[in-house]
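A.B. asks: Handing you this structure, nothing more for now.
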């Protein structure tokens, strides 16, 4: 029969998967369109397009009565005047086909393209703009995954053949790095190879102006791709190689592999035919699922590297401030990119399913339904083959009368108490054994020690540094008119690793006894007040700034202020005279006459820059060594003499001298002069709470959903599996950012949404696979016969069976959520009330920390890495301890 033909059945399976994926995309895009048009934004786009066409008709000289008739036709065709369902179905079609016409903001979103011949024109078409950016994204991601595939599989094969080799141990040690998002690794690579060593460019795809030859463009693009491609590869390769190596080791111990070796086959033939071939579906699964996750987070990576792909375009289309004005966003571009991400995810899943059919020889065919199912995909697609069988079994179970419950309730209670006592005893013994195994594992000991320290620090921060007080002080520092902290200062501990210390900030105030103040009467109407500060400056580096805060008292006539700077070798340098106000900031950078000094000491011209984008501050000459040919300060005791001349009686003068240093506090400062120690310390408990609550909620909900699907089977299980596949296909991160941009969803709502969507992912699939093995156990059948309800079986018999798996699952998931918070902060989605690590990183990237204080961005990243890697180390160790199959792999 034709239906029994393997090719026909294969095509039917592939067609069903394609239809399922397309329906998922259709429903997801329709919901996105409905929500996006909640404020009439899509209606506004359609109306603007109608008005553009109407104005064109007016320019063409069409009569007014005919124009109105044409307007009605255009509004109907655009969907503006249609009812709800037809209108949104039309908008969905336009979204799926990326047919939104021209962008509304033609100033910021136009791009030049090559038309016929050598003619270059500027286009504003949404589809053209997005597809042009898509090419750049595919170039970046395709190169990264090609490198990953070409390096990963040979490396996994090598490690599986050399178990225990130093390279094998190194990959195992580096596996926790795969828990770090690619954009975080990208920041570290840029700081190292672009900022410090200046080997690779910081960002962009190509320099401006571009090379004149094609090969020049190719080579320059490849040069700019090194760091972003390396970020993607490093964020994925160690986890994938370790997983692939594990599967290769498992299959290399099969009996048929030993038989092949006994027959005299070469190692290469054995590895290729009998090890790599059956493992290939697992290799493709890991690669494809990592690619599906990659599409979700490429936006942050492209934003950081300023790579002109669809991720960077999506960020540019979000509402944000442009200078002094507010950009309302380009909704058509945003929805089109969401649809494009859905297409990319759907194509990834479809290619994965298609490759299963090609590479996996172990295909199982349901007898009744003739469904083609890959055998190793039991928990992924088995409901399709067993749908009727499971549904029929479920109905039969419902029709089976349950035995009457026994009435001896007291006996039943005693039995339950005894069981609970035995369970508690077993739990205590299990925890004792787990702790013993943890102490034997170096990675687990390190991870647990760091986590314990982080928890203790978090408790101390919340108790001794209440944010209600510390946070207000931290925020107020940014708006003070007379700051006394240096801007973008380094942490003071950097001096421990330097031969010559960087200067610290000096604050001298005559009202606090730091200066000598004298007053004298010049005439009947004139008085003079003089303040002299003296301080030691033991550094060879220059300060970051010098200012004097003047406070004068007078009735009408403003006093005259003169200042003299006296160096350790006795040189007196006069500064510019000013007419003072009551509260005045005297900036040395604007009031030091540097030309006379350069003429007097011409050797300073070798290092003093007077023009360009980065001129040397003029106050450096006040501390410069007159005999040095290099930029070097003269250590010693300096003095500043401030003289105020008043033209009326009862005048007074007070001054505060601030010599800003280059180190400040234990964590440095940001561009607003705020102490970074506050957000670093307070970011820790927030990260632990966000990660812990997110991981616990995800795990518990995943277990409940997985147990429900595995136990009931049939349409319940099918619905859950469809929801998981839909979650895999839809770009939930991009949709969440869209909702925040136009509906004001705050950070906590989006994090809660991400938790719910993360439930319908790999945790649920893993737990379901475990429940499928447990549900047929004898004690489960006995509980069913005894008359236990479905809820009781799930709660009391299924879920407790896999409780040991919960601990490593929760521990490993914790870093995912505070990394997610940091990723959302890249899109400026954060809670302004709390200084999280993500907010610090966003501010640092926004204000160019790479060229100021790199510690501004490195410190929160290092804390995130330390916290995340400690949980991953402990989670991996617990997984090996609690999973006997991994102990010897």
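In our numbering, the protein residues as written are -5 to 883. Each residue gets a CB set at the ideal place from its N, CA and C atoms; glycine is no exception. Values in this document were obtained by computation on a predicted structure and should not be read as measured data.
1) Short of 7 Å in beta carbon distance, which residues of its chain neighbour residue 301, apart from the five on each side in sequence? Order them along the chain.
2) To which residues of the same chain is residue 718 closer than 7 Å at the C-beta, ignoring the five residues directly before and after it?
3) Can you find at least 3 beta carbon pairs, one from the region 640 to 647 and one from the region 831 to 839, that sit closer than 8 Å?
4) Buried or exposed, going by whether 16 or more other CB atoms sit within 10 Å of the CB of residue 18?
5) Taking Cβ to Cβ, would you say residue 282 is nearer than 8 Å to residue 345?
6) Relative to the C-alpha of residue 822, which candidate in 734, 248 and 620 has its C-alpha closest?
7) Do residue 725 and residue 629 have their CB atoms nearer than 8 Å?
8) Just curious, the alpha helix (DSSP H) that residue 833 is in, first and last residue?
9) So the candidates are 610, 681 and 730; which of them puts its Cα closest to the Cα of residue 862?
10) Excluding the 5 residues flanking residue 399 on each side, which residues of the same chain have their C-beta closer than 7 Å to its C-beta?
11) Flag this pair as yes or no: are the beta carbons of residue 685 and residue 812 separated by less than 8 Å?
12) In this structure, does DSSP put residue 96 in helix, strand or coil?
13) At which residue ranges does the region 674 to 725 contain complete alpha helix (DSSP H) runs of 4 or more residues, listed in the order of the chain?
14) Ignore the nearest five residues each way along the sequence and tell me which others in residue 542's own chain have a CB closer than 6 Å to its CB.
15) In whole angstroms, what separates the C-alpha of residue 683 from that of residue 120?
16) Judging by CA-CA distance, which residue of 184, 565, 166 and 838 is the nearest neighbour of residue 481?
17) Quick check on residue 184: buried or exposed, where buried means 16 or more other Cβ atoms within 10 Å of its Cβ?
18) Can you tell me whether DSSP reads residue 496 as helix, strand or coil?
19) Just how far apart, CA to CA, sit residue 404 and residue 740?
20) Does the region 522 to 536 come close enough to the region 489 to 507 that 3 or more CB-CB pairs lie under 8 Å?
21) If we ignore side chains and look at the alpha-carbon of each, how far apart do residue 588 and residue 557 end up?
22) Which two residues bound the contiguous beta strand (DSSP E) that contains residue 526?
23) Following the continuous beta strand (DSSP E) through residue 566, name the residue where it begins and the one where it ends.
24) Is the distance from the Cβ of residue 638 to the Cβ of residue 555 below 8 Å?
25) What does the alpha-carbon distance come out to for the pair residue 261 and residue 303?
26) Within 10 angstroms of the Cβ of residue 52, are there 16 or more other Cβ atoms? Answer buried if so, exposed if not.
27) With respect to the beta strand (DSSP E) encompassing residue 649, which residues constitute its N-terminal and C-terminal limits?
28) Does DSSP classify residue 871 as helix, strand or coil?
29) Quick check: the region 786 to 796 against the region 660 to 674, are there 3 or more CB pairs under 8 Å?
30) Quick one: Cα of residue 122 to Cα of residue 89, how far?
31) Spatial neighbours of residue 265 within its chain, please: C-beta separation below 7 Å, excluding the five flanking residues on both sides.
32) If the criterion is Cβ atoms closer than 8 Å, does the pair residue 273 and residue 251 meet it?
33) Rounded to the nearest angstrom, how far is the Cβ of residue 169 from that of residue 236, given a contact under 8 Å?
34) Please state the DSSP three-state secondary structure of residue 1.
35) With a threshold of 8 Å on Cβ separation, who are the neighbours of residue 487 within its own chain once the five nearest residues in sequence on each side are excluded?
36) I think residue 23 touches residue 333, with their Cβ atoms under 8 Å apart; what is that distance to the nearest whole Å?
C.D. replies: From the atom records:
1) For this step, residue 301 is matched to residue 307 along the chain shown. Contacts found: 130, 134, 199 and 222.
2) Taking the chain shown and counting its residues from 1, one reaches residue 718 at position 724. These residues qualify, in order along the chain: 754, 755, 758 and 759.
3) Counting Cβ pairs under 8 Å, fewer than three are found: no touch.
4) What you label residue 18 is simply residue 24 of the chain shown in a count that begins at 1. When all chains shown are included, residue 18 counts as buried.
5) Indexing the chain shown from 1 puts residue 282 at position 288. Indexing the chain shown from 1 puts residue 345 at position 351. A contact, by the Cβ cut-off of 8 Å.
6) By 1-based counting over the chain shown, the position of residue 822 is 828. Closest option to residue 822, Cα to Cα, is 734.
7) As a working mapping, residue 725 is identified with position 731 in the chain shown. As a working mapping, residue 629 is identified with position 635 in the chain shown. No.
8) As a working note, residue 833 is residue 839 in the chain shown. Counting along the chain, the alpha helix (DSSP H) containing residue 833 begins and ends at 831 to 840.
9) Here residue 862 corresponds to residue number 868 of the chain shown, with the count starting at 1. Minimum Cα-Cα distance from residue 862 among the listed residues 610, 681 and 730 corresponds to 681.
10) One-based indexing of the chain shown puts residue 399 at position 405. Its pLDDT being 41, under 50, residue 399 is placed unreliably by the model, and the measurement read from it follows with that caveat. Around residue 399: 781.
11) By 1-based counting over the chain shown, the position of residue 685 is 691. By 1-based counting over the chain shown, the position of residue 812 is 818. Yes, the pair counts as a contact, with Cβ atoms nearer than the cut-off.
12) Reading the chain shown from its first residue, position 102 is the one you call residue 96. It is a strand residue.
13) Here the runs fully enclosed are 708 to 723.
14) Counting from one through the chain shown, the residue named residue 542 turns up at place 548. Closer than 6 Å at the Cβ level, and outside the excluded window around residue 542, lie 580, 649 and 651.
15) Residue numbering aside, residue 683 sits at position 689 when the chain shown is read from its first letter. Residue numbering aside, residue 120 sits at position 126 when the chain shown is read from its first letter. About 41 Å.
16) By 1-based counting over the chain shown, the position of residue 481 is 487. Nearest to residue 481 by C-alpha distance, out of 184, 565, 166 and 838, is 838.
17) One-based indexing of the chain shown puts residue 184 at position 190. That one is buried.
18) Stepping through the chain shown from its first residue, residue 496 is reached at position 502. Coil, per DSSP.
19) Taking the chain shown and counting its residues from 1, the one referred to as residue 404 is at position 410. Taking the chain shown and counting its residues from 1, the one referred to as residue 740 is at position 746. Here the model assigns residue 404 a pLDDT of 37, short of 50, so the residue's position is not dependable, and the following value carries that caveat. Whole-angstrom Cα-Cα distance: 52 Å.
20) yes
21) Start at 1 with the first residue of the chain shown, and residue 588 comes out as number 594. Start at 1 with the first residue of the chain shown, and residue 557 comes out as number 563. When rounded, the distance between both Cα atoms is 15 Å.
22) Residue numbering aside, residue 526 sits at position 532 when the chain shown is read from its first letter. First-last of the beta strand (DSSP E) with residue 526: 521 to 531.
23) To locate residue 566, count along the chain shown from 1; it is residue 572. DSSP places residue 566 inside the beta strand (DSSP E), whose first and last residues are 566 to 568.
24) Position 644 of the chain shown, counted from the first residue, corresponds to residue 638. Position 561 of the chain shown, counted from the first residue, corresponds to residue 555. Yes. Within cutoff.
25) Position 267 of the chain shown, counting from 1, holds the residue named residue 261. Position 309 of the chain shown, counting from 1, holds the residue named residue 303. Taking the straight line from one Cα to the other gives about 44 Å.
26) Locating residue 52 in the chain shown gives position 58, counting from the first residue. Its Cβ having fewer than 16 others within 10 Å, residue 52 is exposed.
27) As a first step, residue 649 must be located in the chain shown, where it is residue number 655. First-last of the beta strand (DSSP E) with residue 649: 646 to 654.
28) To locate residue 871, count along the chain shown from 1; it is residue 877. If DSSP states are grouped into helix, strand and coil, residue 871 belongs with the helices.
29) no
30) To locate residue 122, count along the chain shown from 1; it is residue 128. To locate residue 89, count along the chain shown from 1; it is residue 95. Approximately 14 Å, taken between the alpha carbons.
31) Here residue 265 corresponds to residue number 271 of the chain shown, with the count starting at 1. 151.
32) Within the chain shown, residue 273 is the residue found at index 279, counting from 1. Within the chain shown, residue 251 is the residue found at index 257, counting from 1. Taking 8 Å as the Cβ cut-off, residue 273 and residue 251 do not qualify as a contacting pair.
33) For the purposes of this step, residue 169 is taken as the residue at position 175 of the chain shown. For the purposes of this step, residue 236 is taken as the residue at position 242 of the chain shown. Rounded, the Cβ-Cβ distance is 5 Å, consistent with contact.
34) Residue numbering aside, residue 1 sits at position 7 when the chain shown is read from its first letter. The answer is helix: DSSP assigns residue 1 an H, G or I state.
35) Your numbering for residue 487 matches position 493 in the chain shown. 660.
36) The count along the chain shown starts at 1 and reaches residue 23 at position 29. The count along the chain shown starts at 1 and reaches residue 333 at position 339. Correct: roughly 6 Å between the Cβ atoms.
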